[in-house]
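Here's the structure we're looking at; comments come further down.
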C-alpha cells in the first residue's frame, strides 16, 4: 500500500467516523464539532484529487462560514424554553425505508468500486488549477463573474437595510 492509498483510506475513515458522530450524537454541539472533521476530511479528498481550489473553497465556505453559523445558531437557541424537540424515529416504517435505501446505496457503491480502475498509473499530475480558474474568470466568464459580484453586493445591502429597520 502506497502513500496515496494510505492517505485516501485515512481521509475516508475520518469522514465516516465523524459523519457517524454527526448522526448519532445526542448533543447538537457534539454533532457540529463532528461536522468540522467531516468537512476537513472532504477537503482532504479534494486535495488527493488535485482539486486544490475546491479544497480551499470547502474550507473557507463550509468550515469558515456554514459551520460557524451552525454553532452560533445552536448557542443562541440553547436558551429557548418550551420548545418540544422530539428525539427518536418517527416510526418503524421510516426506519425500514431508510434501511432499505441505505442497503441499496451500499450495494451500488460496492459494485461501482469493484468495477472501476481507480488508480491510474499513467495519469499526469497537474499543477495548481487556481491559475487556470483565475484566467477563465477574468477573460471568458468576466460578465458572469461581475454580475454575480453585483448580485451579492445588492443582497448584502438589502440584508443590512432589513436588519437596520427591525432594530429601530
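Numbering (this note's numbering), first residue to last: 61 to 228. Just so you know, even glycine gets a beta-carbon here, dropped at the ideal spot from N, CA and C.
Per DSSP, residue 118 lies in no alpha helix (DSSP H) segment and is marked neither H nor E. Residue 101 counts as buried, since no fewer than 16 other beta carbons sit within 10 angstroms of its beta carbon. By the CB criterion at 8 Å, residue 107 and residue 95 fall outside the cutoff. In this model, residue 172 and residue 123 are separated by some 30 Å (Cα to Cα). Sorting 91, 89, 192 and 121 by C-alpha distance to the C-alpha of residue 103 places 121 at the top. With a beta-carbon spacing of about 6 Å, residue 98 and residue 75 fall inside the 8 Å limit used to define contacts. Straight-line spacing of the CA atoms in residue 195 and residue 166 works out to 40 Å. Short of 8 Å from the beta carbon of residue 68, and not among the five residues preceding or following it, lie these beta carbons of its own chain, in chain order: 105 and 108.
Bounds of the alpha helix (DSSP H) holding residue 90 are 88-108. The residues 99, 102, 103 and 106, in chain order, have a CB closer than 8 Å to that of residue 118 in the same chain once the five nearest residues on each side in sequence are set aside.
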